[in-house]
Each structure stands twice: as structure tokens, then as C-alpha cells.
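Reading through the C-alpha cells given below for one structure.
Residue numbers (the working numbering): 3 to 415.
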């Protein structure tokens, strides 16, 4: 063949090669019958020819079959086998013309185990040499030589054409097998990368959820513990009030943990509207809330982003704005958008200075997931304003707005 054979499934090749065994056996038996049934030459020559043909059987069984069925066959062994086969065939081919039927069994073997150039040389020898030797040995009439020469030429052309076509088909099959293997490997790689990407996305989501719920709740509990420790001796009512906030925060954390494990909506949104959830959140942080616009149900994903953004902003107020800082939350419904703004009067910071932490990055990431934006405006001594703008689909408003959730004016932050 023109190139070394590609990988082969040994089981499939072994099973299909049994058909070739049968084919070779049938051609060999038919050749033997033709030789023994020929009118000439005499019996001694025909019996000698039959005996020489018999040598092809053990040569094929003991050596040739292993070469033909071996995956990535040794080229040296293949060359030895085909050379021996041609030598064993030439003498019978020259003695009796009917033996040339055996070429139909030998020619396929040439293309199976040899490269294309050597296979073509072997096929030419198998077709031409017996006719030339037969003509020189027996000196038959010119008419017989002519017909046998034409038969050898046609057989040679047919063998080369069919062999070349078969080799091209095998090469294409090997290329397709390699392509399929590459595609399967690529598909497995894509599946692996998709699984890794999915796991990474889920870890990031869980990190945001834990940061915006449990971590902030625990931070609040620690701050309240510090406040209670400072108030126990001088302001018992304030300490009791902070103890109540600690209990409420702990219960809220427990509810958030259960919702997170169960995959449900956040505890504040469970069975309520977004403004109700923000009102409860604002109360826990002692912040003011104003709602403007026509309150209406929104896709759950948008409401979760708005709630978590508000939680993050208010948690930052408690941690970084400083003592005595007041916070206000504004929620504005518009026909195509929802705006959440959290403003505090704390110490502020310089947004241009790189800062460590997950909060602001998580805030921007949440907004981007729903094609929204998050902006932080601040300055030293000027407080901080966090504005989250989320696009919402146009939905028909059914019924009147929820009572008590519409403000006659837009509250400025």
C-alpha cells in the first residue's frame, strides 16, 4: 500500500479475514480442479503441478496468514512472504496454463501486505511471468500465445485498477477513522471543559450566595456581639435590643441556609414581593426604604439580583461607612427597567484605589448575569452610592399596583 496501514480493530479484522480464508480456499480448490482436468500436458506434469500448488497451503497457513492479519505488519516479513508465494506459484504457472486462475487469490494479498509500488511490481510478475515462462517452455502455437497474452494483460490492468481503487478506499477509511477518533476526543474534551466550566460557574454562584447571605449574617452577628459586650454594663436596654437583632439575624441566616440547600428562592422573597423583602432587609439594617413606580411581579432572577445587591450594599454600610452613618434604599420601577440605589452618609472611599474583597466584584457579576449594570459612586467624606440598573421585559400590568407600595413622588438619594 502507499502508506502504512492505520490502526485496525483486531477483532473485526480477524472476523472479516475468515471470509478471505474461504475465498482463497475456493480459488485454490478451483485451480487444482482445472489443473487435474486439463487435456494437456500429460498426467505427470499435471500431478507435479498439483503437488507444487499444495505447497502454497502450508506456506499461507503457517506464515502468510499471520503476516496478512497482523496489525501494523512488519514490512520485511510481508516482503518475504510475497516473494516466497510468487516463487512457489511461478513453476506451476509455467507448467500448466490453467493455474493462472490462482492469480485471483494472490493479487489481493499483494495489496493487503505490500506498499503500493511493491504491490504493483508483484502483481505484474504474477500476471506476466507465468505466461512468458509457459510460452518459452512449451512453444505453443502463436494463436494460443496471443490469447494468453491478452488474458494476462487484461488481468494485469484489472488487478491494478481494482487494487488501486481498493487501496484508496482503505486509505480514506483510515483517514475517516482517524477523523472520527479526533472528533470523539474533541467531544470528550469539550464535555470535560463544559463540566469544569459548569462546576466553576456553580462554585462562583455558591460563593456569591454564601457571601451575600451567610457570611454577611455572621459578620452582623459578630458586630452585634461586640456592641452588646460594650453595652452590658452601661446600657442594658440597648444591649437587649441588640440581642434581639442577633436572634433575628441568626434566624434569618438559618432560613437562608435552608433555602440555599433546598435550591429555593431567598428567605426574604419566599412568599412575598420584592418591596416587602427589601423593607424587611432595610428594617434589620435600620435603613429607610422608598419605592416608586408601578410595582409588579418580575422574573425571579431579577428579584434575586436586586435583593442580593441590596444586601451587599447594606452590609458594606455596616462594615465600612463608620458609626452613625445613615442609609437609604430606593427602588424604582420603570416600564423597561428596575433601579435599586443604596445611599449612605458614611466616610466614603476612593473608587480608583484597588481594593481586596469579593463584595463589589460579586455585585458587578450579579448585575452582568441579567444584562444589567452596577455603579459605585463615592469619595472620601462624601458617603457612597451604589446604583444597580436591571432591564426588565415589558409586561402588561393586571389590576392596580400593590397597595402601599407606590409613592406619589420619586425620592431623591
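Where is the CB? At the ideal position from N, CA and C, for every residue including glycine.
Query raised in the report: What did DSSP end up calling residue 260 once you bin it into helix, strand or coil?
Result: Looking at residue 260 - three-state DSSP - the assignment turns out to be helix.
Requested in this report: Using beta-carbon positions only, say whether residue 339 and residue 394 come within less than 9 Å of one another.
Outcome: Between residue 339 and residue 394, the C-beta gap is smaller than 9 Å, which places the two residues in contact.
Requested in this report: Note down, in chain order, each residue of its chain lying with its Cβ closer than 7 Å to the Cβ of residue 129, except the 5 sequence neighbours on either side.
Outcome: Taken in chain order, the residues that qualify are 105, 154, 157, 158 and 161.
Report task. Please classify residue 294: does DSSP put it in a helix, a strand, or coil? Result -> Residue 294: strand per DSSP, three-state reduction.
Query - Own chain, CB closer than 6 Å to residue 385, minus 5 neighbours either side, in chain order - result: Cβ neighbours of residue 385 beyond the five flanking positions: 346, 347, 348 and 350.
Query raised in the report: Straight-line CA distance for residue 416 to residue 71?
Result: Nothing in the structure corresponds to residue 416, since the chain is present only between 3 and 415.
Requested in this report: Enumerate in chain order the residues of its own chain whose CB-to-CB distance from residue 244 is below 8 Å, with the five nearest sequence positions on each side excluded.
Outcome: In its chain, beyond the 5 residues on either side, 226, 229, 230 and 233 have a beta carbon closer than 8 Å to the beta carbon of residue 244.
Query raised in the report: What do you get for residue 313, buried or exposed, if any count of 16 or more other CB atoms within 10 angstroms of its CB means buried?
Result: So residue 313 ends up on the buried side.
**Report entry** Within the segment 160-246, ranges of the alpha helix (DSSP H) (whole runs, at least 4 residues)
**Finding:** As far as the segment 160-246 is concerned, its whole alpha helix (DSSP H) runs of at least 4 residues are 218-233.
Query raised in the report: Straight-line CA distance for residue 259 to residue 295?
Result: The C-alpha of residue 295 is placed about 32 Å away from the C-alpha of residue 259.
Query - Residue burial classification, residue 25 (beta-carbon count within 10 angstroms, cutoff 16) - result: Exposed, since its Cβ has fewer than 16 Cβ neighbours within 10 Å.
Query raised in the report: Looking at the unbroken beta strand (DSSP E) that takes in residue 275, where does it start and where does it end?
Result: Looking at the DSSP string, residue 275 is not in any beta strand (DSSP E), and its letter there is neither H nor E.
Query raised in the report: Would you report the Cα separation of residue 21 and residue 100, rounded to the nearest angstrom?
Result: Roughly 24 Å separates the two Cα atoms.
Query raised in the report: residue 364 to residue 195, Cα distance in whole Å?
Result: If you take the alpha carbons of residue 364 and residue 195, they lie about 23 Å apart.
**Report entry** Own chain residues within Cβ distance below 8 Å of residue 86, not counting five before or after
**Finding:** Counting only Cβ-Cβ distances below 8 Å, and skipping sequence neighbours, we find 61 and 65.
Query raised in the report: What's the C-alpha gap between residue 315 and residue 388?
Result: For residue 315 and residue 388, the distance between alpha carbons rounds to 7 Å.
Report task. Determine, using beta-carbon pairs with one atom in the segment 129-138 and one in the segment 172-189, whether at least three such pairs fall under 8 Å. Result -> Contact fails: fewer than three Cβ-Cβ distances are below 8 Å.
**Report entry** Contact set for residue 81: own chain, Cβ-Cβ below 8 Å, skip 5 residues either direction
**Finding:** Answer for residue 81: 116 and 120, listed in chain order.
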